[in-house]
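Residue numbers (my numbering), protein chains in the order written: chain A, 7 to 213; chain B, 7 to 213; chain C, 7 to 213.
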Amino acid sequence: MPIDAPILAQTPEWLDLAGIAVFAASGALAAARAQQTLVTFAFFAVATGTGGGTLRDLLIGAPVFWMQDNRALAACLLMALAVWLTPVRWWRPRALDWFDAVGLAAYAVYGASKALAFGVPPLQAAMMGVVTGCCGGIIRDVLAGEPSILLRPEIYVTAAALAAGLFVGLTLLGVALPVAAGVGAVAGFALRAVAIARGLGLPTYRG
Amino acid sequence: MPIDAPILAQTPEWLDLAGIAVFAASGALAAARAQQTLVTFAFFAVATGTGGGTLRDLLIGAPVFWMQDNRALAACLLMALAVWLTPVRWWRPRALDWFDAVGLAAYAVYGASKALAFGVPPLQAAMMGVVTGCCGGIIRDVLAGEPSILLRPEIYVTAAALAAGLFVGLTLLGVALPVAAGVGAVAGFALRAVAIARGLGLPTYRG
Amino acid sequence: MPIDAPILAQTPEWLDLAGIAVFAASGALAAARAQQTLVTFAFFAVATGTGGGTLRDLLIGAPVFWMQDNRALAACLLMALAVWLTPVRWWRPRALDWFDAVGLAAYAVYGASKALAFGVPPLQAAMMGVVTGCCGGIIRDVLAGEPSILLRPEIYVTAAALAAGLFVGLTLLGVALPVAAGVGAVAGFALRAVAIARGLGLPTYRG
Numbered sequence: 007m008p009i010d011a012p013i014l015a016q017t018p019e020w021l022d023l024a025g026i027a028v029f030a031a032s033g034a035l036a037a038a039r040a041q042q043t044l045v046t047f048a049f050f051a052v053a054t055g056t057g058g059g060t061l062r063d064l065l066i067g068a069p070v071f072w073m074q075d076n077r078a079l080a081a082c083l084l085m086a087l088a089v090w091l092t093p094v095r096w097w098r099p100r101a102l103d104w105f106d107a108v109g110l111a112a113y114a115v116y117g118a119s120k121a122l123a124f125g126v127p128p129l130q131a132a133m134m135g136v137v138t139g140c141c142g143g144i145i146r147d148v149l150a151g152e153p154s155i156l157l158r159p160e161i162y163v164t165a166a167a168l169a170a171g172l173f174v175g176l177t178l179l180g181v182a183l184p185v186a187a188g189v190g191a192v193a194g195f196a197l198r199a200v201a202i203a204r205g206l207g208l209p210t211y212r213g
Numbered sequence: 007m008p009i010d011a012p013i014l015a016q017t018p019e020w021l022d023l024a025g026i027a028v029f030a031a032s033g034a035l036a037a038a039r040a041q042q043t044l045v046t047f048a049f050f051a052v053a054t055g056t057g058g059g060t061l062r063d064l065l066i067g068a069p070v071f072w073m074q075d076n077r078a079l080a081a082c083l084l085m086a087l088a089v090w091l092t093p094v095r096w097w098r099p100r101a102l103d104w105f106d107a108v109g110l111a112a113y114a115v116y117g118a119s120k121a122l123a124f125g126v127p128p129l130q131a132a133m134m135g136v137v138t139g140c141c142g143g144i145i146r147d148v149l150a151g152e153p154s155i156l157l158r159p160e161i162y163v164t165a166a167a168l169a170a171g172l173f174v175g176l177t178l179l180g181v182a183l184p185v186a187a188g189v190g191a192v193a194g195f196a197l198r199a200v201a202i203a204r205g206l207g208l209p210t211y212r213g
Numbered sequence: 007m008p009i010d011a012p013i014l015a016q017t018p019e020w021l022d023l024a025g026i027a028v029f030a031a032s033g034a035l036a037a038a039r040a041q042q043t044l045v046t047f048a049f050f051a052v053a054t055g056t057g058g059g060t061l062r063d064l065l066i067g068a069p070v071f072w073m074q075d076n077r078a079l080a081a082c083l084l085m086a087l088a089v090w091l092t093p094v095r096w097w098r099p100r101a102l103d104w105f106d107a108v109g110l111a112a113y114a115v116y117g118a119s120k121a122l123a124f125g126v127p128p129l130q131a132a133m134m135g136v137v138t139g140c141c142g143g144i145i146r147d148v149l150a151g152e153p154s155i156l157l158r159p160e161i162y163v164t165a166a167a168l169a170a171g172l173f174v175g176l177t178l179l180g181v182a183l184p185v186a187a188g189v190g191a192v193a194g195f196a197l198r199a200v201a202i203a204r205g206l207g208l209p210t211y212r213g
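Shown next, in the form of structure tokens:
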């Protein structure tokens with residue numbers, strides 16, 4: 007498989023790490039809601055922070071990213087400790103939603119970009135963006151026994167799909183990578199932001 | 007790993023795609039029952055339609071089948087759209103059960119056949135048939151928070167095990183592949199058909 | 007990836023198989039509690055007995071261990087049959103807890119050792135020990151729809167973390183492998199034993 011290094015080289019690494027950290031925090035907070043121990047905080051933070059990227063890497067046949075890179079794992083463990091040590095009122099759901107929106111949009115673009123770099127075709131690459139952005143949260147919900155984010159009507163998966171789809175589409179049209187990444191991430195974030203601010207949801211099925 | 011291409015070449019491709027489409031439909035219908043959005047329909051259809059085959063490919067060390075082949079993904083997305091656009095009464099559970107029975111039997115044989123082609127020993131290959139046939143539905147149930155198909159007394163996993171086991175056993179005995187595949191698939195379908203028609207179940211455990 | 011064969015060669019194989027068998031039994035017993043059929047017993051036994059090691063192998067990029075080795079699969083299927091055929095009172099939860107404690111400690115050390123042998127760095131290798139020891143049980147709980155072992159306050163994941171962490175730490179310090187493995191496994195077992203005997207738990211989070 008040809009690895010198109012420039013694509014990944016141009017994706018800012020701190021965005022990747024910020025996404026991991028935000029998802030890890032949401033995992034630790036799920037452990038806090040369930041009144042768990044510090045070890046469980048760490049387990050949830052790692053599973054949520056790395057879960058989406060891990061599934062993406064397994065699907066596209068890449069080495070699992072956090073096996074050889076200590077920073078992702080360290081970021082998850084630090085977030086677990088931070089949530090454990092600080093008063094819960096510091097972590098307001100509303101504030102987290104906004105961080106999570108940044109992580110979701112950046113992560114969806116990053117995931118699609120990595121898939122393209124591994125020679126995955128466009129449609130699947132966009133889907134890998136969605137998997138990267140959303141599956142950490144799904145794993146968290148299944149582990150915690152909470153209703154999955156998938157089943158809430160609010161726009162969430164759709165924002166990831168918009169970010170990843172725009173990025174892949176613009177790349178296909180020949181738009182420069184940083185521009186395509188920026189447009190995709192901003193559009194995905196904006197859609198999720200409207201959903202948070204106005205409770206916007208897609209129409210649901212009525213048989 | 008030696009890839010025995012003839013085995014796969016002789017397995018009719020349309021059966022594989024039909025199995026994916028039927029499972030994708032059952033995933034979209036789970037989303038419909040939960041009154042979800044079109045994006046969630048697509049997510050459920052893809053996870054259910056490709057889940058069993060994806061797990062099989064990861065276990066046997068094969069490239070994940072739908073990463074380089076657009077037809078599987080397209081079939082899942084089309085089924086999601088079809089369920090979304092049509093009245094729910096068109097999709098009667100009873101009718102779906104029968105399609106699902108065809109998919110289960112065909113998929114179990116196909117999964118075992120692919121595992122054999124990748125050099126997996128007989129016992130594990132038969133188990134890969136069961137994984138291919140059943141795990142899409144298990145993933146769907148876990149995502150939707152419904153009681154897993156695994157826990158219903160009706161014969162289901164057993165039919166997949168019969169189809170895959172017969173196919174592998176006959177192949178070991180030197181029976182020609184298309185014959186072994188046909189006998190396995192028909193036997194698995196017949197067992198599941200009796201289970202649907204008569205509510206047949208295996209004896210359950212009583213301590 | 008350099009495979010450091012001596013590490014694995016020195017890990018007693020019967021410990022590995024014993025861990026698989028104990029976890030398989032706990033899976034079959036979950037099926038028994040849910041009054042399932044023999045086929046479901048087998049499915050649960052295989053998923054629980056091989057689940058943790060399978061996830062570890064996928065994460066570290068190793069071939070999935072039970073694909074080419076019949077003994078692990080045979081051990082799982084035999085345990086399913088044993089639980090099916092014997093009166094449930096033979097399988098007292100308390101007795102199983104003690105077997106499980108042995109399996110957890112041995113498996114955590116074995117998993118970390120295999121990860122080191124595949125060139126995984128220390129922190130991740132210790133985490134792979136935890137994954138190997140705990141994820142079979144998590145998969146069992148999710149499949150059975152029971153509250154996950156992760157969410158019980160009793161010390162469990164922590165014992166696996168102690169066993170794997172001590173083993174990796176001592177190995178880094180140059181301690182001979184069999185000694186490091188023994189110390190790690192005994193310490194992890196001892197911690198879990200105190201947890202079982204006294205109901206010991208870690209402090210939980212109180213916002």
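C-beta atoms are modelled at their ideal positions from N, C-alpha and C, and glycine is treated no differently.
Is it true that the CB of residue j sits closer than 8 Å to the CB of residue i?
i	j	result
A:Gly135	A:Val115	yes
B:Leu79	B:Trp90	no
A:Ala121	A:Ile66	yes
B:Leu168	B:Ala193	yes
A:Gly207	A:Ala170	no
C:Leu197	C:Ala186	no
A:Pro128	A:Val181	no
B:Val148	C:Val148	yes
Below 6 Å CB to CB, which residues in the same chain sit around residue i once its five sequence neighbours on both sides are set aside?
i	result
A:Gly143	Ile155
C:Met7	Note that C:Met7 scores 35 on pLDDT, short of 50, meaning its location in the model is unreliable; the coordinates nonetheless yield the value given after this. Phe124 and Gly125.
B:Ile111	Before going on, a small fix: residue 111 of chain B reads as Ala here, not Ile. Within the same chain, B:Ala111 has close Cβ partners Ala169, Ala191, Gly194 and Phe195.
B:Arg62	Gly117, Met134, Val137 and Thr138
B:Pro209	none
C:Glu152	none
A:Val70	Thr60 and Asp63
A:Ala68	Phe124
Report all residues from its chain with a CB closer than 7 Å to the CB of residue i; omit the five preceding and five following residues, and keep chain order.
i	result
A:Arg146	Ser32, Gly33, Ala36, Phe50, Ala53 and Thr54
B:Ala199	Ala107
B:Ile9	With a pLDDT of 42 at B:Ile9, under the threshold of 50, the modelled position of this residue cannot be trusted, and the question is left open.
B:Thr46	Ala37
A:Val94	Ala38
A:Asp22	Tyr116
Might you give, ordered along the chain, the residues of its own chain that have their beta carbon closer than 8 Å to the beta carbon of residue i, omitting 5 neighbours on each side?
i	result
C:Val108	Ala24, Gly25, Val28 and Phe195
C:Leu44	Ala86, Leu87 and Trp90
A:Ala150	Ala36, Ala37, Arg39, Ala40 and Phe50
B:Leu178	Pro128
C:Asp75	none
For the alpha helix (DSSP H) containing residue i, name the first residue and the last one.
i	result
C:Pro184	Leu183 to Arg204
B:Ala117	Note on residue identity: the sequence assigns Gly, not Ala, to residue 117 of chain B. Its alpha helix (DSSP H) spans residues Pro99 to Ala123.
C:Met3	Because chain C spans 7 through 213 in this model, residue 3 of chain C falls outside it and cannot be assessed.
A:Thr177	Val163 to Leu178
B:Arg62	Leu44 to Ile66
C:Arg212	Careful: C:Arg212 lies outside any alpha helix (DSSP H) and carries neither H nor E.
C:Ala131	Pro128 to Ala150
Rounded to whole angstroms, how far is the Cβ of residue i from the Cβ of residue j, which I believe are closer than 8 Å?
i	j	result
B:Gly205	B:Cys140	About 19 Å separates the two Cβ atoms, so there is no contact after all.
B:Tyr113	B:Thr138	5 Å
B:Cys82	B:Ala30	4 Å
C:Ile161	C:Ala201	4 Å
C:Leu64	A:Leu64	6 Å
A:Gln41	C:Arg98	Wrong, their Cβ atoms sit about 29 Å apart, outside the cutoff.
Do three or more CB pairs link the segment 145–156 of chain C to the segment 99–106 of chain A at distances below 8 Å?
-> no
Taking a Cβ distance cut-off of 9 Å, strictly less, list which residues of the segment 76–87 of chain B are near chain E, in chain order.
-> The chain labelled as chain E is not found among the protein chains of the depicted structure, namely A, B and C.
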